[in-house]
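Below is one structure, written out as structure tokens; comments come after it.
Protein chains: 2
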Amino acid sequence: MKNDLTPLEPKADKDTVRRHNLSLVLRAVHDAGEATRAGIAAHVGLTRAAVSSLVEQLLGYGFVSECGKTSSGQAGRPGTVLKVSRTGPAGLGVEINIDYIAVCVVDLVGTDRVRLAEHGDNRGLPPSDVLARAARLAARALTAAAEQELTPVGAHVALPGLVTGGTVRQAPNLGWRRVPVEGLFAQALSALRPDHRALPVSSDNEANAAALAELWFGAGTEGVRSFLYLTGEIGVGGALVLRGELLRGEHGFAGEIGHMVVDPDGPRCRCGARGCLEQYAGQSALLRAAGIDENAGAPGVTELGRRARDGDPTALAALDRAGRRLGLAVSGAVNLFDPDAVMLGGVYRELMDWLAPAVERELAPRVVSGLWRGGQTRLRAASPLGDAVRGAAGVVVREVLADPAAYAER
Amino acid sequence: MKNDLTPLEPKADKDTVRRHNLSLVLRAVHDAGEATRAGIAAHVGLTRAAVSSLVEQLLGYGFVSECGKTSSGQAGRPGTVLKVSRTGPAGLGVEINIDYIAVCVVDLVGTDRVRLAEHGDNRGLPPSDVLARAARLAARALTAAAEQELTPVGAHVALPGLVTGGTVRQAPNLGWRRVPVEGLFAQALSALRPDHRALPVSSDNEANAAALAELWFGAGTEGVRSFLYLTGEIGVGGALVLRGELLRGEHGFAGEIGHMVVDPDGPRCRCGARGCLEQYAGQSALLRAAGIDENAGAPGVTELGRRARDGDPTALAALDRAGRRLGLAVSGAVNLFDPDAVMLGGVYRELMDWLAPAVERELAPRVVSGLWRGGQTRLRAASPLGDAVRGAAGVVVREVLADPAAYAER
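As you go down the protein sequences, you meet chains L and E in turn. Going by my numbering, the residue at position 11 of the first sequence is 11; the numbering climbs one at a time, nothing skipped. Going by my numbering, the residue at position 63 of the second sequence is 1063; the numbering climbs one at a time, nothing skipped.
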């Protein structure tokens, strides 16, 4: 029983109802890809007249467009086909990671229309310099978006650290502590693009953004609604999605699987403790164990994959060891959460063939529900359609879908 | 954004609205302890007239009673004081654990009015025998409840295992697999008490029931809404409460912290895997490490506490070791969930003085948010007012509070 004390009364504020239903209709078109007024009415349970009036408003805002009639082969009278517009409001996603910065503009449909990335080690640089670089990249993305008649209505910044209230509380791998990331980014961007001075900026942990991308653009679209998401980067990020909602925890710091203990007496981690998963399955640890320069970045990971494919025993042993430790941590998380699936993202995606068998070997006996052996819970590579920067842009898009009227008034 | 497709319409089924608001008023009285009609109206946001009509219905059902007037010292006109009745509908809770069975009748206020327990090892006995013993105890509780004019309207059975759809899927410490526990208990009880043949029976994991008891009768009443709950029994049970709701997971098996790995090469567990927390911090492991008969049960735990108080080095070392392993597992769970508090229940409660320092020593450096050191997340002994059997009875009481009309019609 939810302990809500909201009375259910047979009256509600008319404007609230209309805004809610406007979102309902826009999401119905969004989720279906294309829809007719009659189809929407049947789907959302509003009258045909109410839907028509709401659709007129959405057409006026430019959030949906009409494109032809349904063919006479379909049931009922032919209706006008509605689709979500590929121009107009969009989301700007920004990902600041240890060794790259990426930006992305996603339209209301969910397609990434602009994508830019810059590689380079961000460790040890002043946060304001890194954020200024991100703003320069974002300014270029805004220009490219404008050329496609897209107008980002918000920016969302994803970072590898504990993010709360617009501030990176700590990002050990970047060496950041208490960095007011939203303010610094907004300032840098508005200096470059005064026309975007009022662009609202929000921020979150990058694994959260990647998990949301998986939910909105990847496995979530196939019906996987509860999953544990791990992303292998320099660190190991984690996030939990439960029944279609990101689990944030009481202070916004949930999902930190990278610091689960896999060997209490193991090597010291950047976080200060010993034997964290990151020390075995983070990108640096993995490359180091395989005899590759731990700072080699993405080319190093590709090299590791190449060596594994060639049967190099050091590479295979490093992957097996990392997979086993991943399996230990994941088994604990699966026993705690009981999700439908476990997704491996980031660099794990291209190393899946060698990591997965070791992970599975630990999971099969350790998941006490027996659901792992039963195949009801599965290990999957994260979708190539979902990554942190797209998820970050998606956060803005979802805000528009949730209350289109708020964005039409701007 | 929740992806709900329910349209918000300025009309709703009248009967649904009335039942919802009836529950709202009953819960308002329940949560406040005592209330006037005017106070309820102000609290729930319904008109005074609507509240009066709903209160009349609740008085008619016997779910609330009037008891005097507010003193003239209080603000406003003196009003009639309403309280939730201490007679009438109640919940029957049943806990089947490894070495005891307990039953409890809880009234609508939340007080346990009948409590019976029988000690004795249930391991290796046929499940139907154990459930028949539980039914005999329950039948005695029903008699004692009737003497107090209480009528249990449902029974909820809590067990140390994976419970789903009325069946214990597995309870390794009891040696049970696929036991239809609701059916067996209902059958045994209705054979003893044909007058309770129609009593609905539900079931759940015992740590879930204990965590709900903590939420409803313990720390939850002080505002702790998100917590990790560990209960030390023969095994180690766990449950997660997030913002006032029990986290059940996708298949109902969330919270299994007892099988988190604290040493990948440790001793083999009853679950089949190696190095599970239970092998270090379960009651049997703890007693064994302290040089006490591992089957000594509750008296053994009391003896362990006595030895620790006397400074016995073996006892202190055993508690320190168990506490350290508990700290490792808990740190992982805190990093994943980011709760407000961690509660130690079961036998951990009386061993808290010696376990807590070791647990804290692991948590302070390992909780990456730093909230542990900051004191924002805390380790607490579970409340003596909450235990699994009371939580089980509470599940039934909450069902009545959520829809009183459904229980008045019986």
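Cβ coordinates follow ideal geometry from the N, Cα and C atoms, glycine included. All of these numbers come straight from a predicted model, not from anything done at the bench.
So residue i is in the beta strand (DSSP E); what residue range does that whole segment cover?
i       : result
E/I1101 : Y1100 to D1107
E/L1287 : Counting along the chain, E/L1287 falls outside any beta strand (DSSP E), though it belongs to the alpha helix (DSSP H) covering Q1283 to A1289.
E/Q1170 : T1167 to A1171
E/N1205 : V1201 to N1205
E/E1066 : V1064 to K1069
L/L228  : F227 to G232
For residue i, tell me which candidate among the options has the shortest Cα-Cα distance.
i       : options                               : result
E/V1367 : E/A1341, E/G1068 and E/D1263          : E/A1341
E/F1227 : E/V1400, E/A1239 and E/I1101          : E/A1239
L/A117  : L/A135, L/G91, L/L247 and L/Y348      : L/A135
E/V1084 : E/A1042, E/D1121, E/A1132 and E/S1023 : E/S1023
L/P357  : L/N335, L/R325 and L/R243             : L/R325
L/L277  : L/P152, L/G327, L/V400 and L/R390     : L/G327
E/R1321 : L/V334, L/G375, L/P264 and L/A318     : L/P264
L/L286  : L/A405, L/V51, L/A219 and L/L351      : L/L351
L/N173  : L/R398, L/G305, L/G272 and L/A364     : L/G272
L/F217  : L/H30, L/A144 and L/N21               : L/H30
E/A1317 : E/F1063, E/R1288, E/V1109 and E/M1343 : E/R1288
E/A1254 : L/V396, L/A28 and L/F337              : L/F337
L/V397  : L/G68, L/D107, L/D13 and L/C67        : L/D107
Can you tell me which of the three DSSP states residue i falls into?
i       : result
L/I40   : helix
E/G1120 : coil
L/V262  : coil
L/F185  : helix
E/H1156 : strand
E/T1143 : helix
L/F217  : helix
L/F253  : coil
L/D4    : Low confidence applies here, because L/D4 scores a pLDDT of 42, under 50, leaving its location unreliable and the question unanswered by this model.
E/L1242 : strand
L/G375  : coil
Roughly how many angstroms separate the alpha carbons of residue i and residue j, rounded to a whole number?
i       : j       : result
L/P313  : L/R248  : 40 Å
L/D15   : L/D403  : 12 Å
E/P1299 : E/G1323 : 20 Å
L/P160  : L/Q187  : 21 Å
L/N3    : L/S383  : Note that L/N3 scores a pLDDT of 38, beneath 50, so its modelled location is shaky; the value from the coordinates is reported in the next line. Straight-line Cα distance between these residues: approximately 37 Å.
E/L1005 : L/V44   : Caution is warranted here: a pLDDT of 44 is assigned to E/L1005, below 50, making its placement in the model unreliable, and the coordinate value is therefore given only provisionally. Cα to Cα, the separation comes out at about 6 Å.
E/E1362 : E/S1331 : 7 Å
E/T1036 : E/E1056 : 13 Å
L/T151  : L/A90   : 6 Å
E/N1122 : E/D1129 : 9 Å
E/R1268 : L/G374  : 22 Å
E/A1041 : E/L1082 : 13 Å
E/Y1100 : E/G1175 : 15 Å
E/D1112 : E/A1213 : 11 Å
E/S1065 : E/E1149 : 15 Å
E/H1196 : E/T1143 : 11 Å
L/E34   : L/G79   : 11 Å
L/P10   : L/V17   : For L/P10, the predicted structure reports a pLDDT of 45, less than 50, and the residue's modelled location is therefore unreliable. The matter cannot be settled from this model.
L/R306  : L/I292  : 12 Å
L/A333  : E/A1333 : 8 Å
L/Q279  : L/W372  : 26 Å
Which same chain residues end up closer than 6 Å to residue i when comparing Cβ atoms and leaving out the 5 residues on each side of it in sequence?
i       : result
E/T1231 : A1207, A1210, G1237, G1345 and G1346
E/V1103 : V1094, L1116, L1137, A1138 and A1141
L/V241  : A211, L215 and F227
E/S1052 : R1037
E/V1389 : G1093, E1095, A1102 and C1104
E/P1200 : G1154
E/R1225 : R1243 and G1244
L/R378  : A341
Do residue i and the ligand HEM come close, with the Cβ less than 8 Å from some heavy atom?
i      : result
L/R113 : Only the bare structure without any ligand can be found here, which leaves the ligand HEM out of the picture.
Which residues bound the alpha helix (DSSP H) around residue i?
i       : result
L/W176  : Here L/W176 belongs to no alpha helix (DSSP H); instead the beta strand (DSSP E) covers W176 to V179.
L/G88   : Careful: L/G88 lies outside any alpha helix (DSSP H), inside the beta strand (DSSP E) at G88 to I96.
E/G1327 : P1313 to F1337
L/A356  : Y348 to R366
Got a sec? Which residues, its chain only, sit under 7 Å from residue i by beta carbon, not counting five neighbours each side?
i       : result
E/T1167 : R1178, V1179, P1180 and V1181
E/A1329 : I1257, M1260, V1262 and L1277
L/V25   : I40, V44, V51, L54, V55 and L58
Starting from the C-beta of residue i, find all residues in its chain whose C-beta is less than 8 Å away, skip the five residues before and the five after it, and write them out in chain order.
i      : result
L/L355 : L319, A322, G323, L326, L344 and Y348
When the cut-off is 9 Å and only beta carbons count, does residue i lie next to chain A?
i      : result
L/E214 : Note that chain A does not occur in the displayed structure, where the protein chains are L and E.
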